Amino acid sequence: MSQNRNLTFGQRFLANEWSALAVAIVIGLVTLATLSSAFLTEFNLYVMLRSFCVVLIVAFAQMLTLAVGQMNLSVGALGGLVAIAVGGMMEKWGFPVPVAILCGLAIGAGGGLINGLLTVRTGINGFIITLATASAFTGINLGITESIPFYNLPASFVAFGTGRISALPYLLLPPVLIAIALAFFLARTVPGRQLLAVGGNPQAAELSGIPRDGVIVMAHTLSGLLAGAAAILAVAQLGSAQPSIGVDWLLMSFAAPIIGGAALAGGHISVAATALAVVLIVIIQNGMVLAKVDPYWVQFLLGALILAAVGLNRLRAVRAGGA
Amino acid sequence: MTPSSDSRARPSWLAEQSNLIGLAAIIILFWFLFTSLAPGFVSSFNLFALSRSLAVDIVIGFSTMVVLATGGMNLAIGSIGVCAVMASGYLMQTIGLPIPVAMALALLLGAFLGWLNGFVIVRSGVNSFIITLASASLFLGGMLILSKAQTFNALPPEIAAFGRMRWGGFVSPLLLVALAIGAALVVLFRFTALGREILAAGANPRAAELSGVPVGRAIIIAHTLSGALAASAGLMLVFRLGAAMPSIGQDWLLPSFLAPVLGGTLLAGGFVSVVGTILGALLVTTLRSGLLVMQIGNFWLQLFLGLILLAAVMIDRYRGVYAERRSLGRKTNLGRKESGRRA
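Listed in order, the protein sequences are those of chains L and Z. Those letters in the first sequence? Residues 1 to 323, per UniProt numbering, in order. Those letters in the second sequence? Residues 1 to 343, per UniProt numbering, in order.
Put into structure tokens, the structure is as follows:
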């Protein structure tokens, strides 16, 4: 790796984790807009923004566990469980929509709390804990539903999932509010700062009196809460509570924060960069659809994108270290 | 995940044996339970089905175990497996190569994909979790693009015939293949310099490097081996199903970790138990088969497997704490917290 060539430009470019993403997004937008007349239509923008919503919250759910140096393999499984719970409460038990949503969020947070407590109390690697709880959550989901979705959801709830003001779907409102709340939480509140401190350097954080275990439990709980929120949005988006919601979240949940530059070791996350990464992923997916390419290319490209992002982060770290 | 050395000393011989005996006792308990509740469990038909799926579960477990030995993980096992499966299907059905040649080439492909993982991990210095998560997606996507998700179901009839073959009434030859692989792994880890190097690289990479162990090479070899084993597990499924399906491997993640972790292999690296992995796989297969025979069905199975994994790692954790206390109260807090703690 040539550390001394193009130092000023290279450094400035690499030092900012947004720049590469922003450039990629602009290139993607321009390319698609020139190649396809369908790209900038109101309906296509609406479709893109709609698919942006769930993915963004899923990415945030993983980002919070990555922030404390943990991981949550159960985001998808927990999401599936919340999805069918909310669907079941509305269809079978006739719960009003807000009550069902609150119960769903509580289940999500509860699942996250279990993950956090198990990780902290037993001291076992979070990977194994959440691999196991993921299987348990999926098992409960499938045991209850036997893979049969809930279709008869309240009309108002489904209407929220499809409604829009020109290109802006109503669905976009919760993710935007969550993103703002998260950015504020991480930048301006004590628990938020503590979360980043624990992720950055657990020993230093502990020595400065931050309750390390409590912060990890909090991160897992928030992660579960967000997984639940994503699941509820997914139910609204699909118009039915599918037991299969969440099965394809795992890769996406890691892809966005990592492409956005979250260090797997913790402590370094960015709400904005993660959101930009989701924008990039959505643009790529949409481009694939417009170009009528095999949908399998999305899977392939997502893997390549993660590797590229990891490589770029690595390069940035090397340069920063060398400077 | 670079744990310090003393936070997870290799379990003593006695502790290892007690783990294996405990696991065996649990398995025997479940066999009694299932046999008394559902007599169909020990029918020769069910035992045959059990021996076939056990063979696959064992080899999947080995595939993860050899990477755990280095303290890494391989999330791409399912993807590598299915790539090998589809390659073998293509080579036999479309190209018309003889079975052994096609199988050998598919195994080579698996080994190559594993090597690729190891190479990128060592060269980039990035966590194996991220690399194999990305490469899993890459391999699976590539396979789907090339195969268009079409099943190869006109394979030579010998394939299905071998899959149906029974020895002694209910033992599938595939199980013997799995056990032979196990024996080879025992030899590798116990009696060869290479196996020792892989374990040393996992136990304490820095110390290993300083004592002249080529750590990078050991990690790459472990991943290559893992890829070849994943390919073997995939090919076993080709024999069992008589077809090469693109859906193979997608549900391997949990069992691949269950078998070695139940069997006492350390996530942090440096210690493996081949017999433990076989017993761990036997427990998983027993539960799956038993719940199926009792018609509790696949739906609740996931829940049981998850709970069992949780229970097993917790027992293992407390065993570890006990062992640590006995090792003259060495202060291990710092290292353990830094490493995200051992499992």
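By construction, the Cβ of each residue, glycine as well, lies at the ideal position given by its N, Cα and C atoms. All figures in this text were calculated on a predicted structure; none of them were measured in a lab.
Taken atom to atom, the span from the alpha-carbon of G40 (chain Z) to that of N46 (chain Z) is near 7 Å. Within the segment 298-315 of chain L, the residues whose Cβ lies closer than 7 Å to some Cβ of chain Z are Q299, F300, L302, G303, A304, I306, L307, V310, G311 and R314, listed in chain order. Unbroken alpha helix (DSSP H) stretches of 4 residues or longer found wholly inside the segment 51-107 of chain L: 75-91, given in chain order. Per DSSP, reduced to three states, the secondary structure at R164 (chain L) is strand. Of all residues in the segment 272-288 of chain L, none is placed with a Cβ closer than 7 Å to any Cβ belonging to chain Z.
By the rule that beta-carbons nearer than 8 Å mark a contact, V293 (chain Z) does not touch chain L.
Two segments are said to touch when three or more pairs of C-beta atoms, one from each, lie closer than 8 Å; by this definition the segment 196-203 of chain L does not touch the segment 26-36 of chain L.
Annotation for T277 (chain Z): the continuous alpha helix (DSSP H) segment containing it runs V274 to V293.
In terms of beta-carbon proximity, F45 (chain Z) stays away from the interface with chain L, with every pair separated by 8 Å or more. Within the segment 108-178 of chain L, complete alpha helix (DSSP H) segments of at least 4 residues are found at 126-145 and 155-162, given in chain order. When CB distances to chain L are screened at a threshold of 7 Å, the residues of the segment 138-154 of chain Z falling below it are L138, L140, G141, G142, L144 and I145, in chain order.
Secondary structure note for I80 (chain Z): its alpha helix (DSSP H) is the uninterrupted segment I77 to G89. When the Cα atoms are used, P98 (chain Z) and G78 (chain Z) turn out to be separated by approximately 25 Å. Using a Cβ distance threshold of 8 Å, V310 (chain L) and S247 (chain Z) do not count as a contacting pair. Counting only Cβ-Cβ distances below 9 Å, W115 (chain Z) has no contacts in chain L at all, with the closest Cβ about 16 Å away. By the Cβ rule, the segment 303-318 of chain Z counts as touching the segment 138-147 of chain L, because three or more pairs are nearer than 8 Å. Residue-level contact by beta carbon fails for A228 (chain Z) and chain L, as no gap is shorter than 8 Å. A residue is called buried when at least 16 other Cβ atoms come within 10 angstroms of its Cβ; I114 (chain L) meets this threshold and is buried.
Within the segment 240-303 of chain L, the runs of alpha helix (DSSP H) that reach at least 4 residues and sit entirely inside it are, in chain order, 249-259 and 271-290. Residues are counted here when their Cβ sits less than 9 Å from a Cβ of chain Z; for the segment 124-158 of chain L these are I124, N125, G126, F127, I128, I129, L131, A132, T133, A134, S135, A136, F137, T138, G139, I140, N141, L142, G143, I144, T145, E146 and S147, given in chain order.
Inclusion of S88 (chain Z) and S226 (chain Z) in the CB contact set at 8 Å is not warranted, their separation being larger than that value.
Around the beta-carbon of Q70 (chain L), 16 or more other beta-carbon atoms lie within 10 Å, marking it buried. With contacts defined as CB atoms closer than 8 Å, L153 (chain L) and A83 (chain L) fail to qualify as a contacting pair.
Across the structure, F60 (chain L) and L226 (chain L) are spaced so that their CA atoms are roughly 7 Å apart. DSSP places N74 (chain Z) outside any alpha helix (DSSP H), giving it a letter other than H or E. With contacts defined by Cβ atoms closer than 8 Å, G61 (chain Z) and P260 (chain Z) form a contacting pair.
Annotation: V122 (chain Z) has no Cβ neighbours in chain L at a cutoff of 7 Å; minimum Cβ distance is about 13 Å. Separation of S256 (chain Z) and L117 (chain L) (C-alpha to C-alpha, rounded to the nearest whole angstrom) is 25 Å. Taking a 10 Å sphere around the C-beta of G228 (chain L), we find 16 or more other C-beta atoms and assign the residue as buried. For a Cβ distance threshold of 9 Å, residue set F254, I258, L264, I306, L307 and V310 of chain L lies close to I130 (chain Z), ordered along the chain.
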